[in-house]
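I have placed the structure first, in the form of structure tokens, so that the comments after it can refer back to it.
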Amino acid sequence: MSFPLLTVVAVVPAAGAIATAALPAAKRTAAKWLALLFSLATFALALVVAFRFDPGSKSPYQFTESHAWISDFGVRYELGVDGIAVALIALTTLLIPFIILAGWHDADPLEEATPNRRWRPTQGFFALILAVEAMVVISFEATDVFVFYIFFEAMLIPMYFLIGGFGDRAGGDGEDEAASRRSYAAVKFLLYNLVGGLIMLAAVIGLYAVTADQLGTGTFSLQQIVEARAAGKLDIGTGTERLLFLGFFFAFAVKAPLWPLHTWLPNAMGESTAPVAVLITAVVDKVGTFAMLRFCLQLFPQASSWATPAILVLALISVLYGALLAVAQRDIKRLIAYASISHFGFIILGIFAMTSQGQGGATLYMVNHGISTAALMLVAGFLISRRGSRLIADYGGVQKVAPILAGTFLIGGLATLSLPGLAPFISEFLVLVGTFSRYPVIGIIATLGIVLAALYVLVLYQRTMTGPVKSEVTGMPDLRVRELVVVAPLIALLLFLGVYPKPLTDLVNPAVDHTLSVVDKKDPKPTVQVDAVPGGGRHGHAVRDQDVEAAK
Amino acid sequence: MNPVNYLYLAALLFTIGAAGVLIRRNAIVVFMCIELMLNACNLAFVTFSRMHGNLDGQIIAFFTMVVAAAEVVVGLAIIVSIFRTRHTASVDDASLMKL
Amino acid sequence: MENLIALLVAAPLVGAALLLCGGKRLDRTGHLIGTLFSVASFALGAALFADMLGKGAGDRTLHQQLFTWIPVGGFRADVAFQLDQLSMTFVLLITGVGSLIHIYSIGYMAHDERRRRFFGYLNLFLAAMLLLVLADNYLLLYAGWEGVGLASYLLIGFWQHKPSAATAAKKAFLVNRVGDMGLSIAIMLMFTTFGTFAFAPVFAATDRTGQGTLTALGLLLLLAACGKSAQVPLQSWLGDAMEGPTPVSALIHAATMVTAGVYLITRSGAIFNAAPTAQLAVVVVGAVTLLFGAIVGCAKDDIKKALAGSTMSQIGYMILAAGLGPIGYAFAIMHLVTHGFFKAGLFLGAGSVMHGMNDEVDMRRYGGLRKYMPVTFVTFGLGYLAIIGFPGLSGFFSKDKIIEAAFARGGTEGWILGGAALLGAAITAFYMTRVMLMTFFGEKRWDPAEVHPHESPKVMTIPMIVLAIGSVFAGGLFSINEVFVKWLEPVTSFAHGHSPVSATTVTAATMVVLVIGVGIAWGMYGRRPVPALAPRGSLLTRAARRDLLQDDFNHVVFVRGGEQVTGTLVQLDRSLVDGAVTGTAASMGGLSGLLRQLQTGFVRSYAVQMLGGAAVLVAATLLMRGV
Amino acid sequence: MSSVASVHSLWTVAAGAPGKIPAPHIEYTELSPTLIVLGAAVIGILIEALVPRRNRYYSQLLLSLVALAAAFAAVIGLAAGGFGSSKAHIAAMGAIAVDGPALFLQGTILLVSLIAVFTFAERRLDPAAHGNRVDSFAAQPAAVPGGPAEQAAVKAGFTTTEVFPILLFAVGGMLIFPAANDLLTLFIALEVFSLPLYILCALARRQRLLSQEAAVKYFLLGAFSSAFLLFGVALLYGYAGTVGYAGIAQVVSDGAKQIDPALAGTMGNDALLLIGAALVLMGLLFKVGAVPFHMWTPDVYQGAPTPVTGFMAAATKVAAFGALLRLLYVVLPGMRWDWRPVMWGVAIITMLGGAIVAITQTDIKRLLAYSSIAHAGFILAGVIATSEDGVSSVLFYLGAYSFVTLGAFAVVTLVRDAGGEATTLSKWAGLGRRSPLVAAVFAVFLLAFAGIPLTSGFAGKFAVFKAAAQSGAGWLVVVGVLSSAIAAFFYIRVIVLMFFNEPKADGPTVAVPSPLTTTAIAIGVTATLVLGLAPQYFLDLAGHAGVFVR
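This is the structure:
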């Protein structure tokens with residue numbers, strides 16, 4: 001058998017987590033560097049995967065691994081990646097080093113609070129981050145529903161400790177108060193996701209029962225199920241399929257999060273440190289949307305199209321609702337959280353528009369939103385760490401004292417309001433087009449989102465960065481080298497992907513086509529046939545592409 | 001005489017025993033009521049044994065007696081030790097653990 | 001030659017990148033670098049222009065395909081440029097005026113410590129604007145469209161420490177975003193209809209497209225144009241935009257960016273020609289705005305705001321013309337160019353005045369400045385004559401043609417539009433004269449002790465002189481046997497309108513209203529002294545001072561209303577959405593507390609419950625069998 | 001329990017040809033595990049009687065460990081010898097079944113008891129009294145708490161080494177319980193392992209009042225329930241005319257055979273069957289602690305000495321569920337359609353009841369008690385499946401669960417303050433700061449209880465629910481899932497308390513245990529993780545052990 005590349009990509013951070021956790025309390029700095037080292041190694045491996053991945057190949061999944069695991073449950077340890085997974089793995093492994101760097105000092109223990117030598121928050125912090133990375137990567141790779149489920153769920157535990165155990169030193173109302181709010185947020189996060197996961201568990205078991213009933217031996221292998229369905233060997237009854245779909249979707253909708261299951265996100269992102277907040281929204285939540293694309297759609301095509309209208313409406317509500325609430329926030333992090341809710345609305349919109357633009361856009365959106373939110377949130381984190389407050393009202397005129405910080409913050413914001421030239425514009429526009437081409441009304445209403453986005457971003461920037469310099473802000477240092485190292489690459493990436501997203505789209509397109517073919521959906525044809533025009537000729541040919549598309 | 005009547009008697013005794021367990025406070029009495037229930041079972045066994053015309057029921061009755069005796073040993077031990085501690089045999093006083 | 005098109009955009013872009021990322025080390029040379037790159041772009045533009053003139057009218061269109069931007073499924077957007085006569089006109093205008101204003105800014109911003117960043121933003125604007133006019137498909141155009149929006153945001157809010165500036169910048173961006181919605185939806189509609197959004201194929205397919213779609217497209221594009229070109233109902237941002245440094249007002253909010261709407265409509269002529277309803281909407285918007293802007297312009301005492309009003313109204317003329325279809329496009333663009341000259345000149349003049357008056361903007365604190373700043377006076381005066389359409393100067397030719405075309409639309413519409421245009425001309429004459437008089441004539445209303453009016457340095461006056469020359473002769477040159485119209489015809493197509501009234505009549509009428517307007521102004525501000533404090537004024541005046549209450553409307557409806565909505569939503573989020581969940585948790589706790597009570601700690605109660613349980617168990621088992 | 005059958009046969013033979021009396025035939029090898037343990041118990045008593053006090057502890061400990069290990073080895077031997085599958089048969093003249101489930105459960109019980117012995121023998125946790133180490137059992141249980149007699153006993157350094165033989169007797173009973181193949185044996189086994197437990201409950205060194213109260217409650221209710229069970233047995237005997245499982249099953253499936261006309265006339269004999277079955281079921285449900293027969297669980301778990309609690313929670317459940325399975329699968333499959341819906345109801349209220357009431361608990365031992373009730377509900381879901389999968393899933397769950405439980409209670413013994421174990425939840429605040437390792441271990445157990453993936457709890461839960469779903473009990477699965485969501489809430493509460501709350505100034509300390517407890521906990525953790533990550537081998541074991549001999 002070939003080299004288990006995918007396993008290794010997941011094992012390296014896991015090993016890193018153990019190694020970091022094992023370091024003695026005194027070796028704090030060592031732990032940080034060790035964690036960073038492992039995360040970089042993981043990123044390198046992810047790049048290997050990305051470059052050895054062949055978008056042209058016929059097989060939907062590559063680097064596949066398959067070993068028996070729990071035959072009684074019909075579970076095989078099956079890994080495999082398609083373009084979407086590769087993109088998201090690359091994103092995850094890319095962000096983790098930045099998260100670690102940004103959180104360099106977030107877990108330094110307060111001097112007085114070291115009850116005993118075994119208490120090693122710093123080691124724990126970075127170990128947990130790496131653990132999360134490992135689990136996220138695995139769940140992106142898993143092509144076995146059960147394997148996916150296991151890590152989808154297990155991921156909650158380290159996240160839970162990250163949220164509840166580490167927060168901003170920003171204690172306006174005392175450390176105890178902050179701690180209690182933290183643990184509330186953590187519990188809320190865990191319960192929401194656990195309930196979602198458990199309901200999904202019921203569906204997973206149901207899926208097993210169905211397959212066992214119809215295929216003789218129960219299986220969780222995505223490919224096997226899809227093939228069996230295609231061959232007509234497997235026919236889940238309509239009612240059952242819908243129930244199972246809902247079971248799966250509920251879990252992913254909580255994770256994503258989709259209105260009205262979103263209320264855990266603002267608390268979680270608000271109370272946790274900026275890097276952890278990024279970990280939540282840019283990395284972990286992506287598993288939810290990714291899973292909708294890979295599992296909901298491919299396992300239950302009919303049910304998916306059955307539920308599409310309802311889901312689209314919910315997504316639309318998320319888009320506007322999130323944006324409107326973001327406008328009203330007084331807390332920088334909560335504002336970004338609600339903005340993310342709005343963005344996840346767009347992603348889900350794109351996924352369930354069932355067009356190549358929509359789903360391609362949604363996938364790009366996952367990546368771009370990851371990068372842009374990371375940029376915005378991390379800079380916000382740097383800002384907060386300077387002033388020790390999350391309230392927008394406590395800032396003002398920062399632009400004057402810390403121009404670079406303000407500049408990077410602005411760029412992050414512009415990315416968030418998806419300005420052309422920055423990556424998020426492309427994905428957002430694709431999602432809108434994809435939605436519009438099948439559901440014009442929803443597409444148009446969703447476009448309101450871009451105005452609202454401009455509103456909350458610019459209001460945030462105006463209140464914090466411009467205007468007369470507040471006295472508490474004077475003498476605020478500008479970005480340090482470490483912080484610049486974190487932000488600059490992200491911004492560069494935003495610009496690059498905004499101007500030349502082709503590498504990404506080439507990666508994603510085949511996977512999207514495969515998904516659509518499984519769901520058996522075609523892009524709507526243009527109503528007016530455009531003939532090749534001199535000068536515009538290549539567009540005529542673009543249209544022919546589309547016919548090929550439609551013919552599939 | 002119809003053996004079924006013995007069954008009724010057994011059921012009656014069993015019910016009385018159960019009622020006693022519910023009503024009486026004194027641990028000893030409660031315990032005696034349980035013994036009564038066991039004896040009711042014995043009666044039932046013996047009666048059935050007679051009806052079916054095999055000895056199993058009667059044998060079982062002996063076993064039950066033995067068990068009952070064993071229970072008495074353990075039960076009294078516990079109750080007595082409690083009595084020595086609390087100077088009361090009322091089961092209602094032993095209610096420190098609740099909710 | 002076509003491979004050079006990209007360089008037009010690239011040059012200022014590189015400049016911007018250099019200046020914005022360069023850091024402090026470029027602080028001292030920044031302005032020169034910026035100017036250099038913009039001039040380079042202009043030179044390149046000129047070269048391409050020369051090359052274009054060398055070709056026949058038919059094959060003047062150049063194409064440059066750089067790379068595929070977004071390939072997803074059938075969706076394909078290219079980074080590709082199209083340089084034809086129309087874009088060329090804009091390229092020259094943008095880079096030319098742009099370069100002049102760069103030079104001007106060297107003097108104007110000399111003492112600002114963030115000058116480097118200012119020039120960076122200017123370059124960024126040039127790049128975006130050039131991208132806008134050179135794009136060969138709507139999505140790329142959209143990129144430029146938003147790019148100029150960003151640049152204008154940054155430049156309006158350049159003096160960020162002033163809250164008013166920051167607010168104005170935000171407002172401008174937001175109002176523009178509303179317009180952008182229109183453009184993006186239009187693009188989506190194009191994609192779903194044609195499967196592409198590149199100019200050539202879309203325009204070629206219009207004849208096969210349903211009326212409804214085309215009208216929708218037209219209206220959506222009009223919405224976009226309204227946003228960018230500050231047309232009613234999205235005009236509210238332009239006045240506040242004057243918070244930005246004056247060169248910015250000159251370049252972005254007078255000469256170039258605000259005319260993007262006109263470009264969009266002219267460029268999409270094929271669509272509009274096929275959608276009469278949309279065209280009607282366009283002309284209505286144009287006519288309304290040209291009056292609206294003019295009226296606002298009359299009431300403002302802030303010189304820049306007065307000029308802003310005038311800009312609004314002049315663009316109204318252009319939109320009106322563009323809405324008239326083939327009979328108007330060419331004149332719209334022509335007026336756009338001449339307007340570019342004289343309005344830029346006027347703003348630079350205003351800037352020069354402010355420069356000499358310690359940044360005082362209230363015209364009621366000016367007066368009799370002609371002696372103190374002669375060059376400014378002369379250039380400003382020429383600009384003034386041009387804009388009111390003094391015979392022989394640029395404005396005369398371009399505006400006159402538009403009025404004619406308006407009449408030429410024919411029918412009642414023709415009369416109404418023509419009348420509106422004439423009325424506009426009269427009001428223009430009035431408020432411009434007002435500005436002129438209040439600024440340069442009459443007695444001084446400023447305190448010589450603290451204000452020492454003086455002429456601006458050469459680096460500022462020279463651009464003004466150049467622009468003045470432009471505003472004097474451009475119109476005439478363009479009109480010599482319709483050279484300009486012929487130049488644009490291959491792109492915009494041209495049709496001679498048949499006006500119910502002869503050209504001479506129109507000209508005469510224009511002259512008459514011109515005299516009336518000037519006369520009234522002279523009567524009000526020339527003969528009697530201007531009060532240093534604004535009189536209460538008539539209802540209309542007061543309304544006009546407040547932009548005809550448009551802002552108040554927005555404030556009440558959108559700001560207050562929006563706050564209401566978000567406020568309620570926040571409440572709902574906490575009480576309803578979150579409450580539902582926490583409520584369930586709480587009720588679980590309550591239930592638990594209730595059930596706990598069963599655990600009384602009394603053996604006998606346990607026994608009772610066991611007995612009950614047993615009874616239930618037995619009963620249930622019996623029930624199952626139905627015994 | 002050979003005698004019933006033998007005497008019976010004697011009687012029938014006597015009625016026929018007088019003469020030779022066939023000696024009862026006992027398969028000693030097949031019964032060896034039980035015999036070893038009981039034998040060891042007897043020897044233990046002798047040790048108490050004969051060996052000088054100072055040597056008793058070690059000799060008892062050694063004896064118990066050896067006996068249990070040997071018994072376990074015997075079980076393995078039998079299983080290897082194919083008695084679990086091919087050679088499975090009824091031994092001891094129909095009294096005991098030697099088959100897959102029996103051996104698997106006996107193996108589990110023996111392992112659990114082995115670990116329990118470790119925790120019983122722990123003598124490092126309590127501060128040494130008068131210079132001699134003490135375990136968690138009263139020095140002189142008969143003495144009045146705090147009275148002079150007790151003082152003297154403590155001074156003299158007495159320790160209740162009787163616990164070991166008592167434990168062994170209980171284990172002996174538990175070994176027979178799931179293997180019992182007639183109702184009488186079932187009853188006897190029940191008493192044999194219950195009586196020792198009653199005593200063990202009363203032996204706590206600290207908080208003896210609670211301990212004695214727990215004992216008396218457990219005893220009275222236990223006796224009460226066993227009386228019901230016995231009456232049920234009587235009715236079933238009356239219905240079938242025999243107490244042998246096979247016999248009853250035959251009658252149940254073939255319908256009524258010839259029966260005394262009087263009896264038939266007076267009451268439809270099905271009523272005998274149904275009522276009898278219900279009462280026997282109740283007796284067993286009491287032992288597994290299913291709602292509404294769970295009332296004793298929290299009180300007893302809280303009052304009993306923690307090592308005993310751990311042993312009870314783990315081993316009793318295993319034994320009781322074993323017996324329940326055999327009863328339902330061997331005796332009553334014929335009336336499946338009668339008891340399944342009833343058990344559905346019981347399972348549902350057990351899952352929900354346990355989980356909901358646990359939310360507001362403030363004592364860690366009571367909390368675990370309620371959690372054990374909820375888990376009983378989950379296991380019942382598997383029992384109801386009435387399929388081979390169901391059996392094996394239950395077997396697996398029992399194995400997984402018992403180790404987690406033992407480990408958890410072992411950890412509870414470590415957290416102490418002046419008054420002995422600090423079981424009040426609020427005292428656990430900030431434990432994660434004080435001693436991260438212990439807290440982390442406990443967190444692992446809690447997560448396993450909550451059924452988080454990668455722990456044995458998840459594998460077990462999945463197996464059970466899978467079986468239930470395949471037997472068409474989909475909605476039961478949904479309820480189960482929901483109640484485990486509720487349950488997750490209070491497990492998380494404890495974790496929050498341990499890790500996210502600031503430690504209290506007068507908080508408890510974590511005692512450093514001897515290798516005994518450490519081993520116990522270590523085994524618990526290992527089992528939890530191994531069964532979570534690679535459960536396949538054990539699933540296979542359980543799978544092969546899924547068939548009852550009839």
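Order-wise, the sequence lines are chains P, V, A and W. Here full-length UniProt numbering is used: the first residue of the first sequence is 1, the next is one more, and so on. Here full-length UniProt numbering is used: the first residue of the second sequence is 1, the next is one more, and so on. Here full-length UniProt numbering is used: the first residue of the third sequence is 1, the next is one more, and so on. Here full-length UniProt numbering is used: the first residue of the fourth sequence is 1, the next is one more, and so on. We treat Cβ as the ideally placed atom computed from N, Cα and C, and that holds for glycine.
For W/P178, no Cβ of chain P is located within less than 8 angstroms of the residue's own Cβ.
The three-state secondary structure of P/G80, taken from DSSP, is strand.
Under the Cβ criterion of 8 angstroms, A/G195 is counted among the residues facing chain P.
Using a Cβ distance threshold of 8 angstroms, P/T373 and P/I341 do not count as a contacting pair.
Not a single CB atom of chain W sits nearer than 8 angstroms to the CB of V/A69. When 7 angstroms is used as the limit between beta carbons, V/G57 is near these residues of chain W: Y237, in chain order. In the DSSP assignment, A/D400 falls within the alpha helix (DSSP H) that extends over S394 to A408.
The beta carbon of W/V154 lies closer than 6 angstroms to those of A129 and A139 in the same chain, with the five residues before and after it left out.
Taking a Cβ-Cβ cut-off of 7 angstroms, the neighbours of W/K466 in chain P comprise F73, I205 and Y208, given in sequence order. Short of 6 angstroms from the beta carbon of W/G157, and not among the five residues preceding or following it, lie these beta carbons of its own chain, in chain order: N132. Selection W/S435, W/V479, W/S402 and W/G399 evaluated against W/V415 yields W/S435 as nearest (Cα-Cα). The C-beta of A/H335 has 16 or more other C-beta atoms within 10 Å across all chains shown, which makes the residue buried. Interface annotation for the region 571-600 of chain A against chain W: M588, G589, L591, S592, G593, L595, R596 and Q599, criterion Cβ-Cβ distance under 7 angstroms.
A residue is called buried when at least 16 other Cβ atoms come within 10 angstroms of its Cβ; P/Q529 does not meet this threshold and is exposed. Between A/F347 and A/A386, the C-beta gap is not smaller than 8 angstroms, which leaves the two residues out of contact. Note: W/E421 is bridge-paired with W/R416 in the DSSP secondary-structure output. Nearest Cα to A/A225 within the set A/V175, A/V518, A/P247 and A/A43: A/V175.
Sequence-distant Cβ neighbours of P/E472 in its own chain, meaning closer than 7 angstroms and more than five residues away, are R387 and D394.
Not a single CB atom of chain P sits nearer than 8 angstroms to the CB of W/R340. Taking a 10 Å sphere around the C-beta of W/Y58, we find fewer than 16 other C-beta atoms and assign the residue as exposed. Cβ-Cβ distances below 6 angstroms link A/F119 to L19, G30, H31 and G34 in the same chain, with the five nearest sequence neighbours on each side left out; the list follows chain order. Within chain A, the residues A614, L617 and V618 have their CB atoms less than 9 angstroms from the CB of W/L279, given in chain order.
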